[in-house]
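In my numbering, the protein residues as written are 4 to 229. Think of the CB as a built atom: it goes at the ideal place given N, C-alpha and C, for glycine as much as any other residue.
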């Protein structure tokens, strides 16, 4: 479970986030969408405990919180295999290999980060977060640097793990169609300052028509632009 209530964040006397409240139920997958620069990453940093200079209330359940940043955070002195296993050294090698394969990194197990492209390093970061087995997984635009095929594989693997582990996932994306497809809940944010514009429950979305989803997409675009 993740809950933030009446969050206010100020930078240099400027209010960046104002009176923002949202809640993600334990075991749900929620997605945040909003305009660039509206404070989405700042909100994730607050939830992760990386930014404690704010007003309001934060509650989380679960001891293990994983975070996939926009930029990769792989360790340069470790190989792909070692990077992933580093978060759970006692884990099974075949489980590590499973996530390497899912990330499209088969054959690169012994490569170091400086031998990989930026997209491959990000895939390594995502694979590591999934292998970690977080109670709460935060992801900041995790798939934006990936090509379509790998992106779909990683999303599929994320959804499979979510179904099996029932962990709580909250991630940021600019891809509204992606949000409407994978999320239990979509939080729409506005900017100047950042605040919640709408909360959309998608749990019945599997039965919605393409027309209905297109209407939701247009609604979200209008909210973001307002």
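Using DSSP with H/G/I as helix, E/B as strand and the rest coil, what is residue i?
i           : result
residue 127 : helix
residue 58  : strand
residue 122 : helix
residue 142 : strand
residue 1   : Absent from the model: residue 1. The displayed extent of the chain is 4 to 229, so no value can be given.
residue 201 : strand
residue 91  : coil
residue 77  : coil
residue 106 : coil
residue 173 : strand
residue 112 : coil
residue 150 : coil
residue 183 : helix
residue 8   : strand
residue 44  : helix
residue 84  : helix
residue 51  : helix
residue 194 : coil
residue 117 : helix
Relative to the C-alpha of residue i, which residue among the options is closest?
i           : options            : result
residue 26  : 195, 194, 172, 226 : 172
residue 122 : 12, 113, 151       : 151
residue 180 : 35, 98, 56, 21     : 35
residue 40  : 71, 158, 177       : 177
residue 159 : 135, 141, 130      : 130
residue 73  : 225, 168, 147      : 147
residue 47  : 225, 196, 140, 185 : 140
residue 70  : 136, 12, 20, 105   : 136
residue 63  : 170, 196, 197      : 170
residue 125 : 224, 76, 28, 22    : 76
residue 155 : 228, 52, 107, 120  : 107
residue 14  : 93, 195, 50        : 195
residue 153 : 168, 197, 103      : 103
residue 5   : 12, 142, 28        : 28
I need the straight-line Cα distance from residue i to residue j, nearest angstrom please.
i           : j           : result
residue 138 : residue 91  : 14 Å
residue 133 : residue 44  : 20 Å
residue 149 : residue 32  : 21 Å
residue 98  : residue 68  : 20 Å
residue 183 : residue 42  : 21 Å
residue 16  : residue 58  : 14 Å
residue 217 : residue 204 : 15 Å
residue 211 : residue 199 : 24 Å
residue 56  : residue 214 : 43 Å
residue 219 : residue 127 : 33 Å
residue 144 : residue 54  : 19 Å
residue 221 : residue 162 : 25 Å
residue 89  : residue 30  : 25 Å
residue 38  : residue 101 : 35 Å
residue 175 : residue 189 : 10 Å
residue 157 : residue 110 : 17 Å
residue 18  : residue 192 : 15 Å
residue 20  : residue 201 : 15 Å
residue 95  : residue 105 : 16 Å
residue 206 : residue 185 : 10 Å
residue 165 : residue 66  : 17 Å
residue 85  : residue 93  : 12 Å
residue 187 : residue 51  : 21 Å
residue 223 : residue 23  : 18 Å
residue 7   : residue 197 : 14 Å
### Query
How about the segment 68 to 80 and the segment 104 to 117: do they share at least three Cβ pairs that are nearer than 8 Å?
yes
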